[in-house]
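Novice:
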Amino acid sequence: MSSKHFTSFYESMERCPIIAAINNDSLLEACKTAPCEIVYILYGNICTIADIVDEVVAAGKTAIVHLDLINGLASREISVDFIKKYTKASGIISTKPQLIKRGNELELITIQRFFMLDRLTYNNIKKHVRETSPDIVEMMPAGLTKMITYALEEINGKPLVVSGLVLDKSDVMGALSAGAIAISTTNEEIWATLD
1221 MSSKHFTSFY
1231 ESMERCPIIA
1241 AINNDSLLEA
1251 CKTAPCEIVY
1261 ILYGNICTIA
1271 DIVDEVVAAG
1281 KTAIVHLDLI
1291 NGLASREISV
1301 DFIKKYTKAS
1311 GIISTKPQLI
1321 KRGNELELIT
1331 IQRFFMLDRL
1341 TYNNIKKHVR
1351 ETSPDIVEMM
1361 PAGLTKMITY
1371 ALEEINGKPL
1381 VVSGLVLDKS
1391 DVMGALSAGA
1401 IAISTTNEEI
1411 WATLD
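Just remember that the working numbering sits 1220 ahead of the position in the sequence shown, which is counted from 1.
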């Protein structure tokens, strides 16, 4: 990915640290008027994803597609090629290392998501980040502020976004205070806290 493209994305996160995550058509409509600059697309299928991305981009937002959640796309590099060729998405999210690597090759913004389930997951973050070199690391759930601090030590200066179980503004403030650069949430009430 070009450094100019990523710099613009990073600046958007700094200006607006709440990322709208959408998983249905109702949230798609709501995100268009929300103050968020970046939208994570967490739903769709191979027949609808280009149209969903088009709507997000037409609203002046940066569209990032979560490949693992798009019906009809396999966990193979060709899925990343499909997003690059047939949509206007600026980047991808995935838990799959091979998809992050392919996204890097195609100069997409890459976000590698980790679910903090146990110590083994935590211990593997550094290895995976070193191997895949994502632009951004995302950790779930967001409410683990102590884990945010620990994760930042392991990811070699990569920006950290957190998501999952963001219940109120105090969760947002806690995550940002712990060092996360942004928070991704489907909670429309949190999106509105930017107004």
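Positions of the beta carbon are idealized from the N, C-alpha and C atoms, including for glycine.
Identify whether G1323 lies in helix, strand or coil by the three-state DSSP scheme.
Specialist: Correct three-state label for G1323: helix.
Novice: Would you kindly check if the distance between the Cβ of T1413 and the Cβ of K1389 is under 8 angstroms?
Specialist: Taking 8 angstroms as the Cβ cut-off, K1389 and T1413 qualify as a contacting pair.
Novice: Can you give me the Cβ contacts of K1308 inside the same chain, cut-off strictly under 7 angstroms, excluding the 5 residues immediately before and after it?
Specialist: Taken in chain order, the residues that qualify are V1273, D1274, V1277, A1283.
Novice: Under 8 angstroms between the Cβ atoms of I1329 and D1355?
Specialist: Yes. Within cutoff.
Novice: Rounding to the nearest angstrom, what Cα-Cα distance links V1357 and K1366 in this structure?
Specialist: Cα-Cα distance, rounded: 16 angstroms.
Novice: Determine the direct distance from the alpha carbon of E1373 to that of G1264, and round the result to whole angstroms.
Specialist: Spanning the two alpha carbons is a distance of roughly 35 angstroms.
Novice: Nearest-angstrom Cα distance between I1403 and I1238?
Specialist: So the two alpha carbons sit approximately 5 angstroms from each other.
Novice: How would you write the range of the beta strand (DSSP E) that L1340 sits in, first residue to last?
Specialist: Careful: L1340 lies outside any beta strand (DSSP E), inside the alpha helix (DSSP H) at 1339-1352.
Novice: Taking V1381 as the reference, give the member of N1343, F1335, R1350 with the closest Cα.
Specialist: With distances taken between Cα atoms, V1381 lies closest to F1335.
Novice: Since M1367 is in the alpha helix (DSSP H), which residue starts that stretch and which ends it?
Specialist: Start and end: 1365-1374.
Novice: Please confirm whether M1233 and I1345 have their CB atoms less than 8 angstroms apart.
Specialist: In this structure, I1345 does not lie closer than 8 angstroms to M1233 by Cβ.
Novice: Could you check how far apart the C-beta atoms of M1360 and I1368 are, in whole angstroms? I think they sit under 8 angstroms.
Specialist: M1360 to I1368, Cβ: 11 angstroms. No contact.
Novice: Is it buried or exposed for T1341, if we count other Cβ within 10 angstroms and need 16 for buried?
Specialist: Counting Cβ neighbours within 10 Å, T1341 comes out exposed, since fewer than 16 surround it.
Novice: When you compare the CB positions of V1300 and G1323, do they come within less than 8 angstroms of one another, or not?
Specialist: Cβ distance < 8 angstroms, so V1300 and G1323 count as in contact.
Novice: Identify whether Y1260 lies in helix, strand or coil by the three-state DSSP scheme.
Specialist: It is a strand residue.
Novice: If I follow the unbroken beta strand (DSSP E) through L1380, where does it start and stop?
Specialist: 1380-1383 is the extent of the beta strand (DSSP E) around L1380.
Novice: Could you pull the start and end residues of the alpha helix (DSSP H) that L1278 belongs to?
Specialist: The question names Leu, but residue 1278 in the sequence shown is Ala. Unbroken alpha helix (DSSP H) run through A1278: 1269-1278.
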